[in-house]
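Step one of this worksheet: look at the structure below.
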Ligand code: ASP
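In the working numbering, the protein residues as written are 193 to 630.
Next comes the structure, spelled out in structure tokens:
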């Protein structure tokens with residue numbers, strides 16, 4: 193039995209875990225006659241800790257993985273000048289995919305009108321206060337200049353210790369460039385980082401064996417806590433978001449980029465990334481999924497270490513297409529629910545703001561929603577009302593967050609494959625072969 197279970201490829205086990213989690217959660221919530229509050233308590237106390245343990249295990253790897261893989265990646269490039277083209281291509285692709293995402297979200301929001309007739313001012317004062325507190329800490333990072341300055345770590349050890357992704361990326365690139373410039377005398381350091389990167393990746397693969405159970409626990413917890421009640425209150429918003437995200441995943445990343453531009457088989461791409469999508473969906477955090485995305489890109493899709501290790505950590509923090517779709521939709525949702533007409537300029541401003549906010553949002557649960565006040569401001573929703581809207585959506589946000597995170601992560605990996613192919617760093621044999629997928 194155990195052997196039969198392990199002979200199933202990992203991505204299928206992850207999907208089985210996801211389905212079992214949903215079923216178990218639904219049974220607890222609806223099948224055994226418990227009150228919703230009791231079901232939520234069972235989920236929180238007895239099921240969530242298992243999911244949380246899995247999330248902590250992968251989070252544990254984020255900093256060591258970036259620090260080692262990125263240094264090893266830069267040294268594998270052999271020439272620091274290559275970083276320039278790599279960076280430019282990556283940023284351009286991230287912006288183009290986000291442009292598609294925002295247009296999709298706004299188009300869908302204009303057609304489906306998810307906010308029409310919705311009354312959102314029922315949230316009580318404590319819920320609003322709670323949301324306000326969270327919004328303040330989400331916005332804490334300060335203005336654009338401060339955020340840009342913060343990328344340069346004053347103290348790299350502190351950046352590593354606090355798990356700050358962008359400063360860690362910055363420092364790791366500098367070390368890599370330093371090693372390349374020093375040349376042969378720096379060989380021992382180079383070899384150390386290469387070997388350390390292998391070790392951390394190996395640990396990722398080991399921890400991923402626990403993914404089916406972690407994912408099952410997280411899904412059961414969400415189901416116990418929220419049930420499917422979201423379908424009543426936010427039906428059209430949820431439907432629009434899921435539809436846009438699926439279109440973005442299947443047609444923009446799949447059809448347009450992987451098949452259209454790169455001429456690679458879609459089936460292998462989606463199989464290769466299923467673990468990452470499963471983990472993204474159940475954790476609702478691009479950052480927590482990062483180690484899995486890197487491992488999928490390298491092992492299953494043949495993306496060279498130098499690309500996976502640089503493009504993906506950057507993507508996990510700045511490329512959030514699912515979040516961009518969502519921000520556009522929420523702005524229109526709020527405008528429609530408040531009876532505000534949005535002009536063409538309004539749409540363009542929302543598109544621009546949603547793109548910038550999605551770049552600034554952290555890859556953690558609910559980050560997108562907590563920053564949504566900025567896009568609502570563009571369509572002239574007064575601040576007190578934006579808080580009402582956020583407090584109204586907040587209790588159900590997890591189910592929406594799961595889908596946008598899966599989209600965010602798929603976008604990062606699609607861009608990593610593209611950059612890899614353009615840089616001659618994609619092993620197509622690995623990409624095309626089914627045997628490689630664990
Ligand atoms: N949870 C998302 C992520 O980690 C961000 C968001 O809230 O939209 O990618």
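Every residue gets a Cβ at the ideal spot worked out from N, C-alpha and C, and that includes glycine.
Item: Do residue 243 and ligand 1 come close, with the Cβ less than 8 Å from some heavy atom?; Value: no
Item: From residue 561 to residue 408, what does the alpha carbon distance come to, in whole angstroms?; Value: 25 Å
Item: When DSSP builds the beta bridges, which residues end up paired with residue 495?; Value: 618
Item: Beta carbon of residue 518: closer than 8 Å to some heavy atom of ligand 1?; Value: yes
Item: On the three-pair Cβ rule with 8 Å, is the segment 576–583 touching the segment 302–322?; Value: yes
Item: Check the C-beta distance from residue 570 over to residue 594 and give it rounded, since I have them as a contact under 8 Å.; Value: At roughly 26 Å, the Cβ-Cβ gap does not stay under 8 Å, so residue 570 and residue 594 are not in contact.
Item: Count Cβ pairs between the segment 246–261 and the segment 440–456 that sit closer than 8 Å; are there 3 or more?; Value: no
Item: I'd like the list of long-range same chain contacts for residue 225, defined as Cβ closer than 8 Å, with 5 residues on each side in sequence excluded.; Value: none
Item: Measuring CA to CA, which of 556, 370, 553, 230 is closest to residue 416?; Value: 230
Item: Pick from 519, 419, 474: whose alpha carbon is nearest that of residue 232?; Value: 419
Item: Under three-state DSSP, which class holds residue 200?; Value: coil
Item: Compare the Cα-Cα distances from residue 302 to each of 623, 390, 529 and report the closest residue.; Value: 529
Item: How is the alpha helix (DSSP H) around residue 379 delimited, first residue to last?; Value: 379–400
Item: Does DSSP classify residue 354 as helix, strand or coil?; Value: coil
Item: Excluding five sequence neighbours on each side, which residues of the same chain lie with their C-beta closer than 8 Å to the C-beta of residue 479?; Value: 251, 254, 357, 508, 509, 554, 555, 556
Item: Determine whether the beta carbon atoms of residue 498 and residue 283 lie at a separation below 9 Å.; Value: no
Item: Out of curiosity, what's the CA-to-CA distance linking residue 496 and residue 300?; Value: 37 Å
Item: Just the Cα atoms here: how many angstroms apart are residue 549 and residue 212?; Value: 35 Å
Item: Threshold first: 4 residues or longer. Then list the alpha helix (DSSP H) segments lying entirely within the segment 221–301, N to C.; Value: 228–234, 240–257, 263–269
Item: Is residue 432 near ligand 1, in the sense that its beta carbon is under 8 Å from a heavy atom of that ligand?; Value: no
Item: Distance cutoff 9 Å, beta carbons only. Does residue 612 sit that close to anything in chain D?; Value: No chain D appears in this structure, which consists of one protein chain only.
Item: Please state the DSSP three-state secondary structure of residue 305.; Value: coil
Item: How close, in whole Å, do the beta carbons of residue 493 and residue 461 come, if the pair is a contact with beta carbons under 8 Å?; Value: 7 Å
Item: Is residue 563 closer than 9 Å to residue 552 when the C-beta atoms are compared?; Value: yes
Item: Keeping to the same chain, check which residues put their C-beta closer than 6 Å to that of residue 246; ignore five residues upstream and five downstream.; Value: 402, 406
Item: If residue 290 and residue 481 are in contact, beta carbons under 8 Å, what's the gap, nearest whole angstrom?; Value: That pair is no contact at about 18 Å.
Item: Are the beta-carbon atoms of residue 410 and residue 487 separated by less than 9 Å?; Value: no
Item: Among 340, 390, 237, 565, which residue has its Cα nearest to the Cα of residue 326?; Value: 565
Item: For the pair the segment 214–225 and the segment 378–395, tell me if three or more CB-CB distances fall below 8 Å.; Value: no
Item: Rounded to a whole number of angstroms, what is the C-alpha to C-alpha distance between residue 328 and residue 373?; Value: 43 Å
Item: Would you call the CB atoms of residue 470 and residue 209 closer than 9 Å?; Value: yes
Item: For residue 360, count neighbouring Cβ atoms within 10 angstroms of its own Cβ and tell me buried if that reaches 16, exposed if not.; Value: buried
Item: Residues in the same chain with beta-carbon distance under 6 Å from residue 502, minus the five sequence neighbours each way, listed in chain order, please.; Value: 262, 265
Item: Can you list, in chain order, the residues of its chain with a C-beta nearer than 7 Å to that of residue 286? Leave out the 5 residues immediately preceding and following it.; Value: 507, 510, 511, 607
Item: Around the C-beta of residue 531, are 16 or more other C-beta atoms found within 10 angstroms, so that it is buried, or is it exposed?; Value: exposed
Item: Would you mind sorting residue 237 into buried or exposed? The rule is 16 or more other CB atoms within 10 Å of its CB.; Value: exposed
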